[in-house]
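Peer 1: Here it is, the structure in full.
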Amino acid sequence: MNLARRLFLQLTAGASAIWVCPLDALALDYPTRPVRLIVGFPAASGPDIVARLLGQWLSDQLGQPFIIENMTGAGGNIAVEAVVRASPDGYTLLFVIAASAWNAWVYDNLNFDFIRDVTPVATIDTTPFVMEVNPSFPAKTVLEFIAYGKANPGKINMATAGVGSGPHVYGALFAMMAGVDMVPIHYRSNPLPDLLSGQVHVYFGPISSSIGYIRANKLRALAVTSAARVDVLPNIPAVGETVSGYEANGWVGIGAPHGTPAEIVDALNRLINAALADTKFIGRLADLGATPLARSPAQFRKLIADETEKWAKVIKFAGIKPE
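Sequential numbering of the sequence shown, starting at 143, is according to my numbering.
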């Protein structure tokens, strides 16, 4: 059965699946074997959690495994290069994160041009990060944190998920706007164990990987990085309530090697957008503090361009470069 008919039957099987795009206009068999979804971060990280949710949903719909492969290192660049070098046949996909848009400003001499070599397929969600500290840290609010930081310059250790990662860049924006000197401590793996033990003081981390610890009072959330408060942590203020104008939102999506057939890109886009209209899938994202972000490939490309421009300014100001 070709993809068009398979998708049509599966997506119209439920009453909630109202599909206006003529999928039967597409005629190709895909996928006929397992699809690799490459994630540039470790298992149990925020990107990995969402990738596995989407991979399972796609597997259920298409009847072929979507295998998550974690290729960590270099701020996700190892994963990007693996996808760029793969055959453009739809069987190797990239889990794109916000840092993918600005890594060219962090790393010199990359072996790829992200905008040229990766085809945007679909966005998945947007999520604020959370400014969180170990409960033993003396500050209970953002204002107290700023006061402590100014009284103790260079004595706050800020965990990151690697040079130029979201936690690093979002923390750098905070430091720049609040006038606080923090020392970044870069991790190749999950930094949460050291935050939980108090070896580092603060982390601007994805809500998806932290919310369980926050709810269990093992971490203290000082603020979310979005412009406004979020439903999943309704009592936690936004950073911008103290540092006017601060806003940083993570987002994730799916990319493919340049040259992947447009028919496959468009079909995956429509299917992923169908997932983002599925009540159960939306609920799983909401549990992680994420909001569905349905976009066309062209809209996804514009998002990447806009984010590249915004964060390049912060990276230049902070002088973020690999150590």
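All C-beta atoms in this analysis are idealised placements derived from N, C-alpha and C, irrespective of residue type, glycine included.
Only a predicted model underlies this, so the values are computations on that prediction, with no experimental measurement involved.
For S242, which residues of its own chain have a beta-carbon under 7 Å away from its beta-carbon, when the five flanking residues on both sides are left out?
Peer 2: Around S242: G218, V222, F256.
Peer 1: Assuming F183 and P176 are in contact, meaning their beta carbons sit under 8 Å apart, how far apart are those beta carbons, in whole angstroms?
Peer 2: That belief does not hold up - the Cβ atoms of F183 and P176 are roughly 21 Å apart, past 8 Å.
Peer 1: Tell me, to the nearest whole angstrom, how far the beta carbon of R178 is from that of H400; I am working on the premise that it is less than 8 Å.
Peer 2: So it is not a contact: roughly 17 Å between Cβ atoms.
Peer 1: With I288 as the anchor, note down where its beta strand (DSSP E) starts and where it stops.
Peer 2: I288 -> not in any beta strand (DSSP E); alpha helix (DSSP H) instead, spanning 284-293.
Peer 1: What is the rounded straight-line gap between the Cα of P173 and the Cα of A193?
Peer 2: So the alpha carbons of these two residues sit roughly 18 Å apart.
Peer 1: With a threshold of 16 other CB atoms inside 10 Å of the CB of E465, please say whether the residue is buried or exposed.
Peer 2: Burial call: exposed.
Peer 1: Distance, Cα to Cα, I457 vs G397?
Peer 2: Straight-line Cα distance between these residues: approximately 24 Å.
Peer 1: Identify whether C163 lies in helix, strand or coil by the three-state DSSP scheme.
Peer 2: Because C163 sits at a pLDDT of 39, beneath the cut-off of 50, its placement in the model cannot be relied upon, and the following sentence gives the value as read from the coordinates. Three-state result, C163: coil.
Peer 1: Spatial neighbours of G387 within its chain, please: C-beta separation below 8 Å, excluding the five flanking residues on both sides.
Peer 2: Result list for G387: M319, in chain order.
Peer 1: Check whether the Cβ atoms of A301 and V344 lie closer than 9 Å to each other.
Peer 2: Going by C-beta atoms, A301 is nearer than 9 Å to V344.
Peer 1: Quick check on the burial criterion: 16 or more other C-beta atoms within 10 angstroms. Buried or exposed for D250?
Peer 2: So D250 ends up on the exposed side.
Peer 1: Among residues of its own chain, excluding the 5 on either side of N359, which ones have a beta-carbon nearer than 8 Å to its beta-carbon?
Peer 2: The answer, listed in chain order, is P277.
Peer 1: Which residue from V238, F254, V275, Q341 puts its Cα closest to that of G392?
Peer 2: Per the Cα distances, V238.
Peer 1: So who's on the other strand from L179, going by DSSP bridges?
Peer 2: DSSP, once it has assigned bridges, lists I210, L235 as partnering L179.
Peer 1: D267 to V248, Cα distance in whole Å?
Peer 2: Roughly 24 Å separates the two Cα atoms.
Peer 1: Would you please verify whether the beta carbon of S386 is less than 9 Å from any beta carbon of chain D?
Peer 2: Protein chains in the displayed structure number just one, and chain D is not present.
Peer 1: Per the DSSP calculation, E449 is bridged to which residue(s)?
Peer 2: Paired residues: none, contrary to the question.
Peer 1: Buried or exposed: which applies to N245, given that a residue is buried once 16 or more other Cβ atoms fall within 10 Å of its Cβ?
Peer 2: N245 is buried by the Cβ-count criterion.
Peer 1: Measure the C-alpha to C-alpha separation of A417 and G425 and round it to an integer number of angstroms.
Peer 2: Distance between the alpha carbons of A417 and G425 is about 11 Å.
Peer 1: Less than 6 Å between C-beta atoms, sequence neighbours within five positions excluded: which residues of the same chain meet that for C163?
Peer 2: The predicted position of C163 is uncertain, since its pLDDT is 39 and thus under 50; a value taken from the coordinates is nonetheless stated next. Hits under 6 Å: R412.
Peer 1: Is it right to say G215 is buried, meaning 16 or more other beta carbons lie within 10 angstroms of its own, or is it exposed?
Peer 2: Exposed, because fewer than 16 other Cβ atoms sit within 10 Å of the Cβ of G215.
Peer 1: Starting from N415, follow the alpha helix (DSSP H) in both directions and report where the run begins and ends.
Peer 2: First-last of the alpha helix (DSSP H) with N415: 404-417.
Peer 1: Suppose contacts are defined by Cβ-Cβ distances below 9 Å. Is V322 in contact with K282 by that definition?
Peer 2: It is not a contact, given that the beta carbons lie outside the stated cut-off.
Peer 1: Which ranges does the alpha helix (DSSP H) cover as unbroken runs of at least 4 residues, wholly within the stretch 342-398, from first to last along the chain?
Peer 2: Within the stretch 342-398, the complete alpha helix (DSSP H) runs of at least 4 residues are 349-357.
Peer 1: With I327 as the anchor, note down where its beta strand (DSSP E) starts and where it stops.
Peer 2: Element bounds for I327: 324-328.
Peer 1: What separation, rounded to the nearest whole angstrom, lies between the Cα atoms of V407 and Y290?
Peer 2: One C-alpha to the other measures close to 50 Å.
Peer 1: Given this structure, state the Cα-to-Cα distance separating L165 from T261, to the nearest angstrom.
Peer 2: Interpretation of L165 is limited by its pLDDT of 37, a score under 50 that renders its predicted location unreliable; the figure taken from the coordinates is listed afterwards. Each residue's Cα considered, the two are about 21 Å apart.
Peer 1: Can you tell which of V325, A240, P309 has its C-alpha closest to the C-alpha of N299?
Peer 2: When only C-alpha atoms are compared, the closest one is V325.
Peer 1: Kindly indicate the opening and closing residues of the beta strand (DSSP E) around P262.
Peer 2: P262 -> beta strand (DSSP E) spans 260-275.
Peer 1: With A301 as the anchor, note down where its beta strand (DSSP E) starts and where it stops.
Peer 2: A301 -> beta strand (DSSP E) spans 298-302.
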